[in-house]
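Protein chains in written order, with our numbering: chain A, 1 to 220; chain B, 1001 to 1220; chain C, 2001 to 2220; chain D, 3001 to 3220.
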DNA sequence: GATGAATGAGCCTTCATTCAT
DNA sequence: GATGAATGAAGGCTCATTCAT
């Protein structure tokens, strides 16, 4: 093979991809489509168009539209879980550092991009009338909640403060979800940095020794 | 209206309702339908069925499906606005009492029924890809936010605490929205009372002199 | 209304028909379509085209294609049953006259038209892999078979001949079905009259006192 | 074929079968598929699945689906023709023995298996709207009919009976086809033995000297 | 006002056919 | 030869919208 052909092979997308690669490509296109035109108006034709593929291929890799959407949600949930799990593993030993890692993880670009947030919102909106979506989200949330509660309980112990770890964890979690929603739906949205600061303001209210609006207090 | 007609109206269920009454009936059916089967699967036929009316009547009162949905959202937003506005007007003079009134208003049965919450979620999910919906929600939120910020600023002044009223107000608002979402989407949801306590836990964190988990502290 | 308009009203098909009338019209179009292009190539669009209606209307009156086809078969079966039942009721008292009535009924234009026969063939071909079709045909056949056996048994008694009524009835029935098939599938088909004579040749073989190739022997 | 190749063929399952063997394998799978799910629902994918081969191979050996089906019908027809031809060649010299051979041939397991009958029914059902299928069946039937008529004419001569050989032959043929159909489509089908007896009851009616319900009378 | 039959655009899905590997 | 990913035409079905009654 001469250089010209070699270059051509490298630059053009291959005609045939492995099953897994195509599935990921289509799921990515689905997220983008939902983010752009919403869940209700998402069609297989549009997903295929975004992916640059024929619409018949979508049904080849995912038997039905229903499955494509379910697996897209599953992929989002799995990506989200992996993100905070890994952040937690990389965190320092103290409860404050671990809480900081979890709060910060939710604002990592990988899970907090506009497209991802829009897709999440759309699925949330549909989930309340779809038990199958609730299950997908629910099991993930459950694990996240439990961890957050444990860490809050630890931090209360460490700081010697009184408080209800379950409710504090809940406030922190819904604050994150809430500023996410704001980032999506407000007409003049504040930016991600301000969103994160807002979360830390909440963290500071419960744990003033550990946090301020900028994040984790330096350990002096 | 003469006596004969008056008698007819009173004794028989009216065959012809006024324009406004029919519109409200259809909007109510729309909310219920969205809550039950979701925004994406809501059809005019189903709305008509829920309302107990004929198929064609929906298009007679609302020219298009788009208008029916938009006006439904408008009605929800207006109802919500009236609810907190009136609660605020009925509240006592102090900042703590007014904040309490606003927090409590969002859990009034009129705006916090399962059907209402589900419908809200559905519209939120769709709003991020529909500018027209964002406007409907946005203008309302804007007024609500401003009031909440004012009250928080007043309360900070009254209690002599330092703090960022804008971010505190934001945390309180998204906490309310967040527990609303939980009430809708969690597999084993806590109840409305626990949701409200969670909000007060957040309020207590910022204003311990004024609130505890049960609500407004008695003014001694 | 002036004469011109009156005439127009009478000649043009009405825009809206009753449910039952439309259903019959669509079933008739289905029979014609199956006869013309076969079961496998029958599409709702083609049925609608033959009926001169929009394809959406087919799904309005019959929820699915499956139901349209099933009800078409049901209508064919009901029409067939009514035809031989009424022929039997109009027949004379003797066994020979009743057998003659049944044999003759199957060649009545109402049930023996080319379109009807083609449609029957198509359903038979599909029935062997469709239990639901078999049931539709089966219950009808059962009643027909029982009657034919009874009459053959009566005729054997009357003529004092030995013979197996069940098998004789079966031969007569399948002979009718067979010449039907011939009328449909042979390249140079003989005509309906020759088909009927063939059946009478079979009848004559079993009951020479009662039949000859032209039909029932005149009672002398 | 040299020794090396022979050994390879015998010891290993051949990875590459000859064209002809693959074609037969696919035709057999087509018959089975049509028998199981019907003509209308037969797809190339299903045929390939039944044959245990890949999807694309079907189009490699038969350019189109149309050709696969046509050649399947051709194979069925050829198999059927060979069956009665060989039976006739093996039969004794008398007309009765030859007629018996033909009647018996149609119930030989090779052509009278459930799968074969189902496939025949399906093709018959479709043939009335497909000239190309009618030709395939027709030419075969024509030869079969002619032979049957000749034999019936011979037998009439031998027995000295009056009768119309053409119509008698037709009754015998359609009786066979009819009991075939019964074997396929009746809810509580009688068995092949009873089907064959029914045919002989018809034969006995025309030729009582030669046949009874059990078959050919022993020549005493 | 009210009804529900009728229309047709657009969607999901199937599947014969093609083709790169 | 053989595989299976990829394409696109066509079909069934849904549903917003229209309109005669």
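Virtual Cβ for every residue (Gly too), placed ideally from N, Cα, C.
Where residue i falls, given that 16 or more other Cβ within 10 Å makes a residue buried
i                       : result
residue 3064 of chain D : exposed
residue 142 of chain A  : exposed
residue 2214 of chain C : exposed
residue 54 of chain A   : exposed
residue 132 of chain A  : exposed
residue 3090 of chain D : exposed
residue 2043 of chain C : exposed
residue 3188 of chain D : exposed
Below-7 Å beta-carbon distance, residue i vs any chain D residue
i                       : result
residue 2028 of chain C : no
residue 2152 of chain C : no
residue 2127 of chain C : yes
residue 2111 of chain C : no
Any C-beta of chain B under 7 Å from that of residue i
i                      : result
residue 39 of chain A  : yes
residue 84 of chain A  : no
residue 167 of chain A : yes
residue 18 of chain A  : no
residue 122 of chain A : yes
residue 178 of chain A : yes
residue 43 of chain A  : no
Any C-beta of chain C under 7 Å from that of residue i
i                       : result
residue 3032 of chain D : no
residue 3205 of chain D : yes
residue 3071 of chain D : no
residue 3118 of chain D : yes
Alpha carbon of residue i to alpha carbon of residue j, nearest angstrom
i                       : j                       : result
residue 3035 of chain D : residue 128 of chain A  : 46 Å
residue 3092 of chain D : residue 3082 of chain D : 18 Å
residue 10 of chain A   : residue 68 of chain A   : Residue placement at residue 10 of chain A is poorly supported in this model, since its pLDDT is 38, which falls under 50; the coordinates still yield a value, given next. Taking the straight line from one Cα to the other gives about 29 Å.
residue 3076 of chain D : residue 3166 of chain D : 26 Å
residue 2138 of chain C : residue 2174 of chain C : 14 Å
residue 1145 of chain B : residue 1136 of chain B : 15 Å
residue 2045 of chain C : residue 60 of chain A   : 26 Å
residue 190 of chain A  : residue 183 of chain A  : 7 Å
residue 3110 of chain D : residue 3194 of chain D : 18 Å
residue 2172 of chain C : residue 2070 of chain C : 28 Å
residue 2947 of chain D : residue 3153 of chain D : No answer is possible for residue 2947 of chain D: it lies beyond the span of chain D, which begins at 3001 and ends at 3220.
residue 1056 of chain B : residue 1038 of chain B : 22 Å
residue 1206 of chain B : residue 1180 of chain B : 21 Å
residue 27 of chain A   : residue 119 of chain A  : 11 Å
residue 2211 of chain C : residue 3029 of chain D : 48 Å
residue 2199 of chain C : residue 2100 of chain C : 10 Å
residue 134 of chain A  : residue 3058 of chain D : 44 Å
residue 3047 of chain D : residue 3041 of chain D : 11 Å
residue 1018 of chain B : residue 1062 of chain B : 14 Å
residue 2115 of chain C : residue 3115 of chain D : 28 Å
8 Å contact criterion, which residue i and residue j should meet: CB distance rounded
i                       : j                       : result
residue 1149 of chain B : residue 1169 of chain B : 4 Å
residue 1086 of chain B : residue 1159 of chain B : In fact, because the Cβ distance is near 26 Å, the residues do not count as touching under 8 Å.
residue 1192 of chain B : residue 1112 of chain B : 7 Å
residue 2987 of chain D : residue 3095 of chain D : Lying outside 3001 to 3220, the shown extent of chain D, residue 2987 of chain D is not represented and no answer is given.
residue 147 of chain A  : residue 88 of chain A   : 7 Å
residue 1033 of chain B : residue 1050 of chain B : 5 Å
residue 178 of chain A  : residue 1177 of chain B : 5 Å
Within-7 Å CB hit, residue i to chain A
i                       : result
residue 1171 of chain B : yes
residue 1185 of chain B : yes
residue 1134 of chain B : yes
residue 1175 of chain B : yes
residue 1202 of chain B : yes
residue 1198 of chain B : yes
Should the region 112-128 of chain A be regarded as contacting the region 1111-1126 of chain B, the criterion being three or more beta carbon pairs within less than 8 Å? The region 112-128 of chain A is in contact with the region 1111-1126 of chain B.
Does the pairing of the region 3016-3028 of chain D with the region 3101-3109 of chain D give three or more beta-carbon distances under 8 Å? With a cut-off of 8 Å, the region 3101-3109 of chain D and the region 3016-3028 of chain D do not count as touching, because too few Cβ pairs lie within range.
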